[in-house]
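Participant:
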Amino acid sequence: MTVPSLQHLPIQRKLMLIMLVITLVVMGLMRGAFFAYEYTISRQALVRQLTTLGEILAANSTAALAFENKDDAQEILSALKAERYLVAAALYDGDGRLFSSYPATLPAAACPPGPGPDGYRFVDSHLVGFQSVLQRDRKLGTLYLKFDSGTPMREFIWGSVPIAIGVMALVLLVAYLVSRRLQRQISQPILALAGTARTITEHRDYSVRAVKPGNDELGQLTESFNQMLDEIQKLNADLEKRVAERTAQLETANAELQRSRTDLRSLFESIDEGYCIIEMLFDKDNRPVDYRFLSINPAFEKHTGLSGAQGRRMRELAPEHEAHWFETYGRIALTGEPARFQNHAEQLHRWFDVYAFRYGNPENRQVAILFTDITGRRQAEEKIRELNQRLSTQNRQLGAIFESLPGLCLVLTPDLVIVTATDAYLKATMTERENIRNRNLFEVFPDNPNDPAADGPRNLRASLDRVRQTAAPDTMAIQKYDVRRPDGSFEERFWSPINSPVLGADGRLEYIVHRVEDVTEFVHRKNAGTESEMGLRTRLERMEAEVFRSAQQIQAANRQLEVANKELEAFSYSVSHDLRAPLRHIDGFAGLLRKSTATVLDDQGRRYLDTISGAARQMGRLIDDLLSFSRMGRAQVQPVEIDQDALVAAIIHEGGLMKAPRPVEWIIAPLPRVRADPAMLRQVWFNLLDNAVKYSGKSPAPRIEVGHQHDAATCEQVFFVRDNGAGFDMRYVDKLFGVFQRLHGPAEFEGTGIGLANVRRIVTRHGGRTWAEGRVGAGATFFFSLPDQPVQT
Amino acid sequence: MALLNPIATAACPPPPMRRSRRLAVLALLLAGATAAWAQTAAFREYQLKAVFLFNFAQFVEWPSSAYPEPGAPLVIGVLGEDPFGTTLDDTVRDEMIGPHPLVVQRYRRAEEIGHCHILFISQSETGRLEQVLARLRGRQILTVSDAPGYAVRGVMIRFITERGRIRLRINLDAAKATGLVISSKLLRPAEIITSEK
Chain P
44 MTVPSLQHLP IQRKLMLIML VITLVVMGLM RGAFFAYEYT ISRQALVRQL
94 TTLGEILAAN STAALAFENK DDAQEILSAL KAERYLVAAA LYDGDGRLFS
144 SYPATLPAAA CPPGPGPDGY RFVDSHLVGF QSVLQRDRKL GTLYLKFDSG
194 TPMREFIWGS VPIAIGVMAL VLLVAYLVSR RLQRQISQPI LALAGTARTI
244 TEHRDYSVRA VKPGNDELGQ LTESFNQMLD EIQKLNADLE KRVAERTAQL
294 ETANAELQRS RTDLRSLFES IDEGYCIIEM LFDKDNRPVD YRFLSINPAF
344 EKHTGLSGAQ GRRMRELAPE HEAHWFETYG RIALTGEPAR FQNHAEQLHR
394 WFDVYAFRYG NPENRQVAIL FTDITGRRQA EEKIRELNQR LSTQNRQLGA
444 IFESLPGLCL VLTPDLVIVT ATDAYLKATM TERENIRNRN LFEVFPDNPN
494 DPAADGPRNL RASLDRVRQT AAPDTMAIQK YDVRRPDGSF EERFWSPINS
544 PVLGADGRLE YIVHRVEDVT EFVHRKNAGT ESEMGLRTRL ERMEAEVFRS
594 AQQIQAANRQ LEVANKELEA FSYSVSHDLR APLRHIDGFA GLLRKSTATV
644 LDDQGRRYLD TISGAARQMG RLIDDLLSFS RMGRAQVQPV EIDQDALVAA
694 IIHEGGLMKA PRPVEWIIAP LPRVRADPAM LRQVWFNLLD NAVKYSGKSP
744 APRIEVGHQH DAATCEQVFF VRDNGAGFDM RYVDKLFGVF QRLHGPAEFE
794 GTGIGLANVR RIVTRHGGRT WAEGRVGAGA TFFFSLPDQP VQT
Chain C
173 MALLNPIATA ACPPPPMRRS RRLAVLALLL AGATAAWAQT AAFREYQLKA
223 VFLFNFAQFV EWPSSAYPEP GAPLVIGVLG EDPFGTTLDD TVRDEMIGPH
273 PLVVQRYRRA EEIGHCHILF ISQSETGRLE QVLARLRGRQ ILTVSDAPGY
323 AVRGVMIRFI TERGRIRLRI NLDAAKATGL VISSKLLRPA EIITSEK
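Those sequence lines, one after another, are chains P and C. Numbered according to our numbering, the first sequence spans residues 44 to 836. Numbered according to our numbering, the second sequence spans residues 173 to 369.
1) If you run the structure through DSSP and keep just helix, strand and coil, what is P/K189?
2) Taking Cβ positions only, does C/A203 come closer than 8 angstroms to chain P?
3) Interface residues of chain C around P/T66 at Cβ under 9 angstroms?
4) Would P/L430 and P/E316 qualify as a contact pair, given that the criterion is a beta-carbon distance under 8 angstroms?
5) Since P/G740 and P/G768 are thought to touch, with beta carbons under 8 angstroms apart, how far apart are those beta carbons, to the nearest angstrom?
6) Between the Cα of P/D831 and the Cα atoms of P/T824, P/E759 and P/Y402, which residue gives the shortest distance?
7) Between which two residues does the alpha helix (DSSP H) containing P/R56 stretch?
8) State yes or no: is the beta carbon of P/Q174 nearer than 8 angstroms to at least one beta carbon in chain C?
9) Judging by CA-CA distance, which residue of P/G811, P/F110 and P/Q522 is the nearest neighbour of P/R558?
10) Which of the three DSSP states is assigned to P/R335 in this structure?
11) Is the number of C-beta pairs between the stretch 238-254 of chain C and the stretch 186-206 of chain P that are closer than 8 angstroms three or more?
12) Should P/Q87 be labelled buried (16 or more other beta-carbon atoms within 10 Å of its own) or exposed?
13) Counting only C-beta atoms, is C/F231 closer than 8 angstroms to chain P at any point?
14) Out of P/L129, P/L652, P/R179 and P/Q117, which one is the CA nearest neighbour of C/M268?
15) Are P/S168 and P/S192 touching if we call contact CB-CB under 8 angstroms?
16) Answer yes or no: do C/P240 and C/H287 have a C-beta to C-beta separation smaller than 8 angstroms?
17) Would the beta-carbon of P/R408 be found less than 7 angstroms away from any heavy atom of the ligand HEM?
18) Which residue or residues does DSSP assign as beta-bridge partners of P/M323?
19) Compute the beta-carbon to beta-carbon distance between P/A253 and P/N269, rounded to the nearest angstrom, for a pair I have assumed lies under 8 angstroms.
20) Applying a beta-carbon distance threshold of less than 7 angstroms, which residues of chain P neighbour C/P361?
21) Please state the DSSP three-state secondary structure of P/G139.
22) Does C/I365 have its Cβ less than 8 angstroms from a Cβ in chain P?
23) Got a sec? Which residues, its chain only, sit under 7 angstroms from P/F336 by beta carbon, not counting five neighbours each side?
24) Compare the Cα-Cα distances from C/P320 to each of C/Q219, C/L301, C/R311 and C/G310 and report the closest residue.
25) What are the boundary residues of the alpha helix (DSSP H) that includes P/S739?
26) I need the straight-line Cα distance from P/L779 to P/A800, nearest angstrom please.
27) Tell me the rounded alpha-carbon separation between P/A153 and P/A106.
28) What number of angstroms, rounded off, separates the C-alpha of C/I406 from the C-alpha of C/A229?
29) What would DSSP say about P/L441, mapped onto helix, strand or coil?
30) Over the uninterrupted beta strand (DSSP E) stretch that includes P/N801, give me the two end residues.
31) Please state whether the Cβ-Cβ distance between P/G657 and P/R804 is less than 8 angstroms.
32) Just to make sure I have the definition right: I need the residues of chain C whose C-beta is within less than 9 angstroms of the C-beta of P/Q838. Which are they?
33) By the 7 angstroms beta-carbon criterion, what residues does the stretch 179-191 of chain P contribute toward chain C?
34) C/F292 and C/L344 - do their beta-carbons sit closer together than 8 angstroms?
35) Per the DSSP calculation, C/I354 is bridged to which residue(s)?
36) Excluding sequence positions up to five away, which residues of its chain have a Cβ less than 8 angstroms from the Cβ of P/L644?
Take a look at the structure:
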């Protein structure tokens, strides 16, 4: 049994074991001491016994020795046979001669040759000794005794062992029984306490209390234990409360954190920008030499072209990466100052737009980098810069070319601010370019205050207004427009100006070029009648003058035409309007008449009435169309972007075209969006589609196809509407789009003859064209085109 | 035979001083005499008997009244013809029993016996033994003899020689009558008899 295993024994066993071991040890010691004592005592007793025996024998053998009676001596010694362990005895006479010996068979050599000194001693497990035989102090002889002391001792020992074992066993049994009873006194309370403690540990129930066994130390221990439990229970409750609170807080915080982490993560994963966290690597002098990618987002690879960068070093991925990158990131890692910059990475063949900031604790030396590959943008910018440069060079050149043009030209903004002028113009007007640039035309060139009849500026303004309105060049009559000299006085000048618009790509007026010819001299000469010079020059001048004169006449005629046009429009409007009223009356009263005379009139009468009403309505439609046509001519085009798919679908469904006498097969291709006046474009599509339905109405299976194509040569979108209707003779194609021009009679097909004229007018106003193809009885196709960027008029 | 015994036991270590003296005496006697074998055996016999007489003094106790004074000698008397020669004198010379030195006295007649403790009655007194014993009655004297029939006649101790060995025969009645205390040890090797009535 080893001591360590004794530690794991239950306390009951331990106590019992201790008691038994103690008993065993005490018993053993006692037995040992007792045995040693007995041994000593028994030896002493043996000596004493032998001494006594010797004395008795000696006393008895005096007479035998004194009277030399060997028989008697023999008899005396033979009494020793009662002594089992006496192995030898002998009597020596007074002269030291062997007188008698025992046992009788003992050889003489077994005895000492002569007597020795008195006394007994142990020799080789035998007790041997001599005893003087005295009679009245007179020594008569000597007695020799030899006693086997070993055998009885051994017998004594072996005889006592079973007894000792028996006693020991008995004692141990008793000790065991007693200790079993006694150990409970100590072990039971401890075990009860241990049991309580175990219950508490297993069930975490701190409300359990141990029962106090008494007032000894164990009782105090139990009491202390219970007090401790009180404390623990109290603390536990407190702790549980705090833990619960803390857990709730933590859970909230955790959820918050989780959410924000998920947000961040998804942001990190989904942002289009590249994002990475790097760890800066410094040499021993604290100079940044490299960095390692700790984490990268999915967009990283797209922006850098580096794959599998995570965990690797930049120098490893791009050994020739410029030093400034490491320096910049090293500075950020050391100072914590974020940086935004753009720079080039030669080995990656890329430009980057970078925002970098220190990430986490300064000692970690980590930097977060948010970056975008701007190589494309950069190249585009580069190209733009280049183009700009080239443009400005061209601009300069064009400017120089313009300035050195021989003509007299002035460039104005639509607001009549002077942009530039040719050198010739400056010379003719005695001005400097720097003095007139960015100034209003009429501020620079005012009226001559000394000429009350001066109408130059007024005419010029009117012409410029016309250009601005119509976006068309305007040739002016020769004007007298005096020029102010630098000294402030005015010099008489005659000019022949032409104002031309410069339109932008969107059709908007951008500049007005005011070109003049100084005809002062010619006018003076003409006025003075100095036509002395003949020849080519004279003829040329005459021709010019003639042109000038006819131009002036044309202008006058134009003005008259314009006035007449306006009057005509006003007239036609009023006529149309005034014509409508009686027509409504005719139609209305014809209807009333049919109702009131329904029973009286015969079929013929009713037919007459229907004809009257139909004619009146037809007349009304004609007038409406005429009004509309005239409005189209005057109305301002207001272009917006239009979804033609929706427009065509709406016209087909809402315009009553589905109610054709026979079902029409519609084949409509997707149409592009265009810029146009919505009401006008609607009119165009309605007229074309309505025509198609109308003229295919008599076909057995009417089919209408709508489509478009782009004409790259003319930069036009071409739209068409194709039907398999009546068609037309291509000989009369030119008449199709004229007003009141009809290829079919009203009896054959209804119509006013204004629809296609209106279409042409609208398309023309949008800068497009109209045409048609067809064959009699084989259908017709009507085309119209719109310029890619519709011209604004 | 008796002579052979000492020779038979001659294997024993050298005899002590006294023994040598006796041998010296024996040698002197042997040298001085022209004695026959019988004489030699007799000499040897009396020599032993002399030692026995001496030894009796050790086994018998006399009352203090037996001595006239504390240091008075213990007297061994020989009555009648002396068979011992000088042997007895040699034996007791310089010996003491307690405070008492040993003295040998010889008496021709019983009347001469005065102060005596042990009396060897010689065979010569056979005719008047009863007178002698009567004369000694009441006196504390140990009577010894080697004459046949003496013991039954009232002598206390008689030496008997048989097969070359000397044995004792003790008349206990006679001894008791004198009031002497005879050690029981002395009785052990002896033959006990009583007086004839």
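We put the CB at the ideal spot given by N, CA and C, even for glycine.
Facilitator: With the given structure in hand:
1) strand
2) Confidence in C/A203 is poor, its pLDDT being 49 and thus under 50, which makes the residue's placement unreliable; the coordinate value appears in the next sentence. With 8 angstroms as the cut-off, C/A203 does not count as an interface residue toward chain P.
3) Under the 9 angstroms cutoff, chain C gives no residues; its nearest Cβ is about 58 angstroms from P/T66.
4) no
5) 7 angstroms
6) P/E759
7) I54 to N103
8) no
9) P/Q522
10) strand
11) no
12) exposed
13) yes
14) P/R179
15) yes
16) yes
17) With respect to the ligand HEM, the structure shown offers nothing to examine, as it has no ligands at all.
18) P/Y334
19) 6 angstroms
20) A106, A107, F110, N112 and D115
21) coil
22) no
23) C319, I321, A352, Q353, G354 and R355
24) C/L301
25) P721 to S739
26) 8 angstroms
27) 25 angstroms
28) An answer regarding residue 406 of chain C cannot be provided, because it is not within the stretch 173 to 369 covered by chain C.
29) helix
30) No beta strand (DSSP E) holds P/N801; the alpha helix (DSSP H) holding it covers G798 to R808.
31) no
32) This structure does not reach residue 838 of chain P, given that chain P is present from 44 up to 836, and the question cannot be answered.
33) R179 and R181
34) no
35) C/V232
36) R637 and L652
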